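So for the sequence shown, my numbering puts the first residue at 765; every next one is plus one.
Virtual Cβ for every residue (Gly too), placed ideally from N, Cα, C.
Here the structure is a predicted model, which is why all the values come from computation and not from measurement.
Let me begin by presenting the structure, written as structure tokens, before commenting on it.
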Amino acid sequence: MTPTLRRKLEVLAERREELERLLADPGVAGDNDRFRNYSREFAQLEPVALALAEEAKAKRDLASAEAMRGDPDLAELAEEEIATARARLAELEDELSLLLVPRDNRDDGNLFLEVRAGTGGDEAAIFAGDLFRMYARYAERQGWRVEIESDNPGEHGGYKEIVAKVSGRGAFSRLKFESGTHRVQRVPETESQGRIHTSAATVAIIPDVDEVEDVTINPADLRIDTFRSSGAGGQHVNKTESAIRITHVPTGVVVECQTERSQHANRDKAMKRLKAQLLDAERSKQQAAQAASRRLQVGSGDRSQRIRTYNFPQGRITDHRVEGLTLYDLPNIMEGDLDPLVDRLTREYQADELARLTEAA
């Protein structure tokens, strides 16, 4: 580890000690906002403090073992302990390096999941439905809540478009690399000749963050339409125009919500999602300008980029952003076992960020 990176670790450890003193200050304890913000930052720095403490212990163990080398009776044991301590120090250096990777404040938050059928007609809509089911199953495994906000079913199954809110701790951190075009190669259910077709669906992951409340939208820029909902909720939804469609005219962004019984509630939900999309679009534009060469775009990313292929005849899934990331476990992945993919993408992202940190140092 370079001296510059080591100094950054020391700064983080000093900041944690400062936060510990601040949290014990009665003035801070009486200010709910400051106390909550300091507590969150303190918790984020806790892994750094623990890893540094472990490193200090491993260094003491190494020094003790090296001191035993001079005793002929303990020399063999000393060599074993030296090897163990050095291996542990190497592990901790890797761990501490990763802890320096800038943390995305949105990682612990919720998100909006948007899946849309692309090229491929009915099969694309069916595939979009399969993707949504895959993410819903994954969310269920994680203990997250999935609420559908709007959907447009395909004529032969699946969805032309479906939007849902996914709520749960760490949801964005686990799904933020899913944005982009997903391609499928298989024999469609609608194909009578048994020929393999290629179709596609696009996925967008949009963080639901507190800052959306600060987004100001000129009412004159909005076109608001009402229509009859086709969602769940009994006969009521088909009798009243409670569903809302909001178009942000300057950007062309369109959001719909039809899950609530009242027009007012649907409007509130749609406005929140519109603000989230506009905020995410602005952030993505800034990120693209700062790092146009990134393999893994965070947030909405480049939704036109083909990121993954699902080959059903071979049971294969390939992520095109990472060399060698091909798994032959497609059935389980489609049932929501996404961790092997997510973990690998997270490690690649951390490695890229660490490389940038090292270059900057």
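| Asked | Found |
| --- | --- |
| Whole angstroms is fine: what's the gap from S1006's alpha carbon to Q1069's? | 36 Å |
| Per DSSP, D1083 forms a beta bridge with which residues? | R1072 |
| Find out if the Cβ-Cβ distance for the pair R880, V973 is shorter than 8 Å. | no |
| Pull up the CB-CB distance for L856 and A822, whole angstroms please, since I reckon it's below 8 Å. | 6 Å |
| Are the CB atoms of V1086 and E1046 within a distance shorter than 8 Å? | no |
| Need the endpoints of the alpha helix (DSSP H) that R788 sits in, please. | One detail in the question is off: residue 788 reads as Ala in this sequence, not Arg. Counting along the chain, A788 falls outside any alpha helix (DSSP H), and DSSP gives it neither H nor E. |
| How many Å lie between R938 and V1106 at the Cα? | 6 Å |
| Quick one: Cα of R1072 to Cα of I1097, how far? | 13 Å |
| Looking only at its chain, what residues have a beta carbon closer than 6 Å to the beta carbon of V1019, apart from the 5 residues adjacent to it on each side? | I1010, A1034, R1037, L1038 |
| Using a threshold of 8 Å, state whether the C-beta atoms of S963 and T883 are closer than that. | yes |
| According to the neighbour-count rule (16 or more other Cβ atoms, all chains shown, within 10 Å of its Cβ), is H946 buried or exposed? | buried |
| Does I890 pass the burial test, meaning 16 or more other C-beta atoms within 10 Å, or should it be called exposed? | buried |
| In this structure, does DSSP put P1014 in helix, strand or coil? | coil |
| Output the distance between the C-alpha atoms of T1122 and A1115, rounded to the nearest integer angstrom. | 10 Å |
| Using C-beta distances below 8 Å, list every residue in its chain close to E830, excluding the 5 sequence neighbours before and after it, in chain order. | A842, I846 |
| Pairs of beta-carbons, one from the segment 806-823 and one from the segment 900-911, closer than 8 Å: are there three or more? | no |
| Go through the segment 901-971 residue by residue and report every complete run of the beta strand (DSSP E) that reaches 3 residues or more, in order. | 909-917, 923-931, 944-950 |
| Please return the same chain residues whose Cβ sits closer than 8 Å to the Cβ of F806, not counting the five positions on each side in sequence. | R780, L783, E784, L787 |
| Could you have a look at I981 and say whether DSSP puts it in helix, strand or coil? | coil |
| For the putative contact between E919 and D886, defined by C-beta atoms under 8 Å, what is the C-beta separation to the nearest angstrom? | 6 Å |
| What does the alpha-carbon distance come out to for the pair A793 and E778? | 21 Å |
| Write down the C-beta distance between A935 and N874 rounded to the nearest angstrom, noting that I regard them as a contact closer than 8 Å. | 6 Å |
| Look up N874 in the DSSP assignment and say whether it is helix, strand or coil. | strand |
| What does the Cβ neighbour count give for F896, buried or exposed, with the cut at 16 atoms within 10 Å? | buried |
| What does R880 pair with, by DSSP beta-bridge criteria? | E925, T966 |
| Would you mind reading off the limits of the beta strand (DSSP E) that contains R987? | 986-991 |
| Tell me whether V792 sits in a helix, a strand or coil according to DSSP, three-state version. | helix |
| Name the two residues that bound the continuous alpha helix (DSSP H) containing L863. | 839-863 |
| Go ahead and pull the three-state DSSP assignment for A1056. | At A1056 the pLDDT is 49, less than 50, meaning the model places this residue with poor confidence; the figure from the coordinates comes in the next sentence. Reduced to three states, the DSSP call for A1056 is coil. |
| Check the C-beta distance from K929 over to F876 and give it rounded, since I have them as a contact under 8 Å. | 6 Å |
| Give me, in chain order, the residues of the same chain whose beta-carbon lies closer than 6 Å to that of Q1054; leave out the 5 immediate sequence neighbours on both sides. | In this prediction, Q1054 scores a pLDDT of 48, lower than 50, which makes its location untrustworthy; the coordinate-derived value is nonetheless stated afterwards. No residues qualify anywhere along the chain. |
| From I1081 to N1075, what does the alpha carbon distance come to, in whole angstroms? | 6 Å |
| According to DSSP, is T1090 helix, strand or coil? | strand |
| Count the other CB atoms, across all protein chains shown, that sit within 10 Å of the CB of A851; report buried if there are 16 or more and exposed otherwise. | exposed |
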